[in-house]
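What follows is a set of notes on a single structure, which appears directly below.
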Amino acid sequence: MGISDTSTGILKGLVVIAAVFIVLAGLKTATNILVPFLLSVFIAVICNPLIAKASEYKIPKALSVTLVIVLFLAIALSIAGLVGNSLNELSQQLPQYRTQLNEEFAWVTNKLAEYNIAISSAVLIEYFDPAAAMGLAADMLSGLGGVMANLFLIIITVVFMLFEASSLPKKLHYALDDPEMRLSQIDRFLQSVNHYLAIKTVVSIGTGVAVSLMLWVIGLDFFLLWGVLAFLLNYIPNIGSIIAAVPAMSLAILQLGPAAAGGIGLGYMVINTVMGNMIEPRFMGRGLGLSTLVVFLSLIFWGWLFGTVGMLLSVPLTMIIKIGLESSEEGRWFAIMLSSDDDVEKYHTAK
1 MGISDTSTGI LKGLVVIAAV FIVLAGLKTA TNILVPFLLS VFIAVICNPL IAKASEYKIP
61 KALSVTLVIV LFLAIALSIA GLVGNSLNEL SQQLPQYRTQ LNEEFAWVTN KLAEYNIAIS
121 SAVLIEYFDP AAAMGLAADM LSGLGGVMAN LFLIIITVVF MLFEASSLPK KLHYALDDPE
181 MRLSQIDRFL QSVNHYLAIK TVVSIGTGVA VSLMLWVIGL DFFLLWGVLA FLLNYIPNIG
241 SIIAAVPAMS LAILQLGPAA AGGIGLGYMV INTVMGNMIE PRFMGRGLGL STLVVFLSLI
301 FWGWLFGTVG MLLSVPLTMI IKIGLESSEE GRWFAIMLSS DDDVEKYHTA K
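Following this line, the structure appears as structure tokens:
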């Protein structure tokens, strides 16, 4: 009997593992469809509080939805235009930066030759190509640009979601077995996501503005582009701010020299320390409820599954899974494992 139970348990475990891999393979295959849909959902979640606030002032829903969508389009297209124009100018100026780099490397190799150290400048250039250094920023932005190609589909989906949002609680009330508990969980999720995105957006804007001002004072070209990049990549937990510094420092080496690049790197470090380690943690704990390790691992997982957009949405997507697991006794233990220390105490108190 014991052996039979053990065999049954192992078989069930294997079936669950196989099912997980099948689901992941399906999600990976359907990325082109799922990514625009996920973006639509989260844009609608962000915009819906504005629509609800407008309804309190007796503003017709059609008008409020139109105004919110126009505002979103204006911001999105402005950022896209700035990034596109800056990248085009950057590609045109790369030959000039290469020429300057050749001169600097020639000076270095000549100095080394005085000490009987023979290094070819061509070898140095091969390992430090400005185009390759700038490619990091281009690849990250192109991932978002690919999503922008579906902008019309995303906007239409968001519009329909915003019009349907007011009737969703009523539908869920009739559809769910325990509507009061389920609706409270959904409401908690929406509040958590809105709180997280609000904090992250404010911190990201502050980071982008601080980076732009710092680079403008130093005199680095395309300082607005690097500020926008810092703003966007700050949504990626843990490593986004580090990635944002690489292209700007690479350009600084070409344009201003290694000393200025080191100063820019130090400036990025100070900005990210203040914004990410001092200001953001003061408020983020209430909005996340996830451990730092889980945030980092979710970044890797969702980035692998959905690319750049998955990295940007890694935290909200993980929060959905955590809140869903909390609703069942079987999954509650896993939700606890995903939780931060403060949330674990809440589970203990609830018992």
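Quick note: the sequence shown, position 70, residue 70 per UniProt numbering, numbers continuous. Built from N, CA and C at the ideal position, the CB exists for glycine as well. Bear in mind that the values here come from a model prediction, so they are computed numbers and not experimental data.
Have a look at residue i and residue j and give me their C-alpha separation to the nearest angstrom.
{"i": "Ser291", "j": "Val315", "result": "11 Å"}
{"i": "Ser86", "j": "Leu229", "result": "11 Å"}
{"i": "Ile10", "j": "Val16", "result": "10 Å"}
{"i": "Ile199", "j": "Met269", "result": "20 Å"}
{"i": "Ser298", "j": "Thr318", "result": "7 Å"}
{"i": "Val159", "j": "Ile69", "result": "8 Å"}
{"i": "Gly84", "j": "Glu330", "result": "49 Å"}
{"i": "Ala19", "j": "Leu27", "result": "12 Å"}
{"i": "Gly324", "j": "Ala335", "result": "8 Å"}
{"i": "Met275", "j": "Asn234", "result": "10 Å"}
{"i": "Phe223", "j": "Thr273", "result": "20 Å"}
{"i": "Ile156", "j": "Met311", "result": "24 Å"}
{"i": "Gly287", "j": "Ser192", "result": "For Gly287, the pLDDT reaches just 49, beneath the cut-off of 50, and the residue's location in the model is therefore unreliable, although a value from the coordinates is still provided. So the alpha carbons of these two residues sit roughly 5 Å apart."}
{"i": "Gly13", "j": "Val23", "result": "15 Å"}
{"i": "Met337", "j": "Glu326", "result": "11 Å"}
{"i": "Ala106", "j": "Ile243", "result": "29 Å"}
{"i": "Ala113", "j": "Leu94", "result": "28 Å"}
{"i": "Met1", "j": "Arg332", "result": "For Met1, the predicted model reports a pLDDT of 47, less than 50, meaning its position is unreliable and no value from the coordinates is stated."}
{"i": "Arg282", "j": "Lys53", "result": "27 Å"}
{"i": "Thr207", "j": "Thr8", "result": "54 Å"}
{"i": "Pro258", "j": "Leu232", "result": "26 Å"}
{"i": "Ser339", "j": "Val209", "result": "32 Å"}
{"i": "Thr99", "j": "Ser91", "result": "14 Å"}
{"i": "Asn261", "j": "Tyr115", "result": "The question names Asn, but residue 261 in the sequence shown is Ala. About 27 Å."}
{"i": "Leu38", "j": "Asn88", "result": "30 Å"}
{"i": "Leu77", "j": "Phe42", "result": "18 Å"}
Got a sec, what are the start and stop residues for the alpha helix (DSSP H) residue i sits in?
{"i": "Glu104", "result": "Lys61 to Ala113"}
{"i": "Gly263", "result": "Pro258 to Asn272"}
{"i": "Leu225", "result": "Phe223 to Leu233"}
{"i": "Ile51", "result": "Thr31 to Glu56"}
{"i": "Pro237", "result": "Looking at the DSSP string, Pro237 is not in any alpha helix (DSSP H), and its letter there is neither H nor E."}
{"i": "Ile117", "result": "No alpha helix (DSSP H) contains Ile117, which DSSP labels as neither H nor E."}
{"i": "Leu151", "result": "Leu151 to Glu164"}
{"i": "Ser314", "result": "Ser314 to Glu326"}
So is residue i in contact with chain D if we call contact Cβ pairs under 8 Å?
{"i": "Pro247", "result": "Among the protein chains of the structure shown there is no chain D, as only one such chain exists."}
With distances taken between CB atoms, is the gap from residue i to residue j smaller than 8 Å?
{"i": "Ile279", "j": "Val203", "result": "yes"}
{"i": "Leu215", "j": "Ala245", "result": "no"}
{"i": "Ile51", "j": "Lys61", "result": "yes"}
{"i": "Ile271", "j": "Ile218", "result": "no"}
{"i": "Pro49", "j": "Asn277", "result": "no"}
{"i": "Pro237", "j": "Phe306", "result": "no"}
{"i": "Trp304", "j": "Leu313", "result": "no"}
{"i": "Leu266", "j": "Leu220", "result": "no"}
{"i": "Leu82", "j": "Leu225", "result": "yes"}
{"i": "Gly79", "j": "Leu197", "result": "One point to set straight first is that residue 79 is Ile, not Gly, in the sequence displayed. No, the pair does not count as a contact, with Cβ atoms beyond the cut-off."}
{"i": "Ile154", "j": "Ser40", "result": "yes"}
{"i": "Val35", "j": "Val211", "result": "no"}
{"i": "Val65", "j": "Phe163", "result": "yes"}
{"i": "Leu254", "j": "Leu101", "result": "yes"}
{"i": "Ala165", "j": "Ala30", "result": "no"}
Using DSSP's beta-bridge definition, name the partner residues of residue i.
{"i": "Ser339", "result": "Leu290"}
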